[in-house]
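Positions 2 to 806 (the numbering used here) are the ones given, in order, by the sequence shown.
All residues carry an ideal CB built from backbone N, CA and C; glycine is no exception.
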Amino acid sequence: MMQSIWRDIRYAARMLVRRPGFTVIALLTLALGIAVTTATFTVVDAVLLRKLPVTDPGTLVVVHNQLPKINLPRTQVSALHFVDYSRQTEAFESTAAFATRNFNLSGVGMPERLQAGRVTASFFPTLGVNPFAGRFFSPEEDRFGNEHEAVLSAALWKQLFNSDAAVLNKPIQLNGTSYQIIGIAPAGIEEIYPNVDLWIPMAFSPNELSENRRGSLAYTMIARLKRGTTIKHAQNLMSGVAQSIAGDELGSFGIEVRSLTDEYVSDVRRPLFMLLCAVLVVLLISCANVANLLLARATVRAREIAVRVALGAGRTRIIRQLLTESLLIALVGGALGMLLAFWGTKALLALAPSSLPRLTGVHLDFRILLFSLGVSLVCGAIFGLVPAFTASKTDLVSSLKDSERTDSAGASRQWLRRTFVVAEVSMAVILVISAGLLVRSFQKLLDVRPGFDAHNVLTLRMSLPGAQYNSAAKVAGFYDNVLERVSGLPGIEHAAAAFQTPFTPGGDSSMFSIRGRVSNEKEPGPHADYAYVSSDYFNSLGLPIRKGRGFQPSDMRAGNYFAPDSVAIVDEELAKRYWPNGDALGGGISWSPEGPWATVVGICATAQLEDLTEESKGTFYLPGYYPGSTLVVRTSVNPLTLTSAIRDQVLAVDPNQPVFDIKTMEERVAMTLETRRFAVVLLGIFGTLALVLAGIGLYGVLAFAVSHRTREIGIHLALGAQPRDVLVMVIKQGMLLVLLGAVLGVAGAFALTRLMQSLLFGVSPTDPVTFVLVPLLLAVVGFVACYLPARRATKVDPLVALRYE
């Protein structure tokens, strides 16, 4: 048996080497399809399919608050909520809390900003992870006043200390305070928390646990379900807990229990699966092309197969031989595809948005190799079975009589080849229409104005340590000094500091009160984003004042933002929502319904703060400084050329103050679109590949038909047919296949693109422009593919064709 198989393999290899043109085209077509499929699956596997690097991730959940009164379906919890929910022992085996805090690292060269994960002592045990080195926090270290220990991430350990284990139990300076390094976290946890540089104990303060901070929703609650408890059962238990806790000014609330895996990947699951489906379509088109090549090759080899049958070879033997050739093509093509996938995966990572979770876990491994091997074998079976069975049905007598160039397979093989082409065209139409919808949607997004002039604006973030800047006056003094220095630099037109600038992390929103507005318990109260800004903010950002005036230096306050002489500015969206005719000038706003009130002195344009696709809830601006703020600098030159000069001015004020997250405002606006851009680029590439492969398939079928109808065409020409008649005949045959494929593809796209509704903006899933332009584009590609073999048919010499036969 093994000898027979080995003989089949050697014979298949000889046949493939004997026809290098056929072999190269088949291998490249298949390798391309397998390469893009493997590269895309590598990303999908790492992000969606691979288990989180924790113990039994299926039993880990995240507990969220829900605030229907202000239309927030999912929020974090407060410290008191965490304590209350942790007492629910029926549902949870253990619970933990997580929050972030910025630190300034000093004493190791240039000051750096680090993001710390504040965690309860139960955090790492709940996740079920062990330290790479050292230890994690003890319950005693997770008490207010005792929290001076730190666990470094593996990345920070390598960056600062070159992975030297000697740093354990050594001090590190964070915000001017000494913390002892007690451990190194495992590298795998960075898949879940990629932005966390180090970990410190939560150590809730008495203020955090006070009743008036119950509305401070700043903590992520993680829990491990008890054995045998489902998420649905835990949800029911926690809903009962929510009903037992009184609401506050934010209204009554609900609780959502959600799996930890969904917490990180639910937002990207649909786009990634859509891309995987798209790439599988490309793979199917590749298989159809190779199947067509094999069908054509079987026709050419009909005489050879007939001779083998005449010599005693059975049908099973013929099928096995032809399948061996197909599988050999598949395996070699798969190996080549795997090599291309290595570079393809790197290209995907370069294109991938930074917001895509678990990117650190994307790599080719043994599982991906098995996937690629499996895909190769399945492809070999898909494109090999039909040609093998068809070729094995050789008519012995007619095949031996006919010449090699006569298509003795008859109508059945022609029908199969044309069926494959129609399938390719229809799949290409569906894929290109999907890509077209995303492109049209992306164009609509690019037309959305953010409300301000982002050109020539540089943003630089800072976070002042509370121990050093422990009063509003000190914070104001620092920013006043920095802004005075920065404003004097050449090339700078305006400079400001702001908490909550557009498309920058760390913003906030809040309930607020309006002077003279009668509250209604049945309706949600006023709710809006808010920002603390310096007086030149609106000029720096290019955010126009529509009515009234902007802030003046005399308006700036160090705290106490709501007082009889304090002022505020609201945007047009907020004015339209809460004041008659949008005229908010002279109105008053405050945190409290009793005041005191800040008087509205200006109405500015509405600036998008987080997402160009979401409707703004409105924003009010207060004249003041906040410890964690962003410098907003408008320049007359390339903003990035002034980065060093601005950093030097900050260090001149405070040598230990790092500047981080330095980006132009245009970069920040572009980053909000990077996930959609990723999908548009990839689907565009896949659609283009599908279109090209479908065109190649159509060309191949018609070229083969022309080559095997030489005598027929010669007779037509000898009887007086003009070359133009032959040209039209061949093009007509090909365009009929294109038309049928386009009709089927448009029908399929009409049904399937409705699933893309959530991925589109400003475009319907049945956008008529896309549904008209794509078939027209395909018609152009199809015409070119038809014209080339048709042109060749007109060059047939009737005498030569007839003499050949």
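Does the beta-carbon distance from residue i to residue j come in below 7 Å?
i    : j    : result
G184 : F124 : no
L115 : D198 : yes
D143 : M203 : yes
Y622 : A532 : yes
V487 : I647 : yes
V707 : P769 : no
I369 : T43  : yes
A155 : T121 : no
L699 : V422 : yes
G255 : A243 : yes
G334 : L31  : yes
V130 : P187 : yes
S245 : V62  : no
L438 : T771 : yes
A752 : A429 : no
R669 : E494 : no
Looking only at C-alpha atoms, which of the options sits nearest to residue i?
i    : options                : result
I190 : L789, S708, D509, G362 : G362
T60  : Q77, A32, P132, T127   : T127
V291 : L273, L778, L432, C380 : C380
A704 : R793, V775, Q181       : R793
R298 : R19, L281, P527        : R19
M275 : V785, N72, A780, Q758  : Q758
G1   : L446, P628, L378       : What the structure shows of the chain is the stretch from 2 to 806, and residue 1 is not part of that stretch, so it cannot be assessed.
I35  : A569, V770, F372, R102 : F372
V440 : V764, I201, V782       : V764
T505 : Y562, Y265, E611, V84  : E611
A808 : A219, P112, L153       : An answer regarding residue 808 cannot be provided, because it is not within the stretch 2 to 806 covered by the chain.
G146 : L285, P640, F205       : F205
V476 : S630, K445, P581       : S630
F23  : S211, W200, I330, G746 : I330
A382 : E425, W344, L323, L447 : L323
Considering only DSSP beta bridges, list what residue i is partnered with.
i    : result
R462 : T631, F661
K159 : Answer by DSSP bridge pairing: none, since K159 is not bridged.
R558 : G625
N66  : T76, I256
C787 : For C787, which the question treats as bridged, DSSP gives no partner whatsoever.
D530 : S510, T620
S179 : Q174
H456 : None; H456 has no bridge partner.
V568 : T600
G184 : G135, V152
T636 : I493
I515 : I590
Considering residue i, what are the terminal residues of the beta strand (DSSP E) in which it resides?
i    : result
L753 : Where L753 is concerned, there is no enclosing beta strand (DSSP E), although the alpha helix (DSSP H) it sits in stretches over 724-753.
I256 : 255-260
G549 : 546-549
E113 : 113-120
S95  : 93-107
M239 : Premise fails: M239 lies in the alpha helix (DSSP H), 232-245, not in any beta strand (DSSP E).
S211 : It is not in any beta strand (DSSP E) - S211 carries neither H nor E in the DSSP assignment.
L153 : 150-153
S591 : 589-591
In the DSSP assignment, the alpha helix (DSSP H) including residue i goes from what residue to what residue?
i    : result
W200 : Not the alpha helix (DSSP H): W200 falls in the beta strand (DSSP E), residues 199-202.
E364 : Per the sequence shown, residue 364 should be read as His rather than Glu. Taken as a continuous stretch (DSSP letters only), H364 belongs to no alpha helix (DSSP H), as it is neither H nor E.
Y86  : 80-87
A224 : Premise fails: A224 lies in the beta strand (DSSP E), 221-226, not in any alpha helix (DSSP H).
S541 : 538-542
F500 : Run containing F500: none in the alpha helix (DSSP H); it sits in the beta strand (DSSP E), 493-500.
L49  : Element bounds for L49: n/a, residue is neither H nor E.
Q650 : 644-654
N482 : 473-488
F125 : 124-128
Answer yes or no: does any C-beta atom of chain B fall closer than 7 Å to that of residue i?
i    : result
N293 : Judged by its chain identifiers, the structure shown contains no chain B, having just a single protein chain.
With respect to 6 Å, is the separation between the Cβ of residue i and the closest non-hydrogen atom of the ligand FAD below this value?
i    : result
R516 : Here there are no bound small molecules, and the ligand FAD is not part of this structure.
At least three beta-carbon pairs within less than 8 Å, the stretch 536-551 to the stretch 461-469
no
Say whether the stretch 441-459 touches the stretch 722-732, bearing in mind that this needs 3 or more beta-carbon pairs closer than 8 Å, one atom from each stretch.
no
Quick test of the definition: if touching needs 3 or more C-beta pairs under 8 Å, does the stretch 169-182 touch the stretch 221-241?
no
Stretch-stretch touch, CB-based, cutoff 8 Å, three pairs: the stretch 260-271 with the stretch 350-362
yes
Are three or more beta carbon pairs between the stretch 497-516 and the stretch 557-569 nearer than 8 Å?
no
If we count Cβ pairs, one from each stretch, closer than 8 Å, do we get three or more for the stretch 348-355 versus the stretch 672-690?
yes
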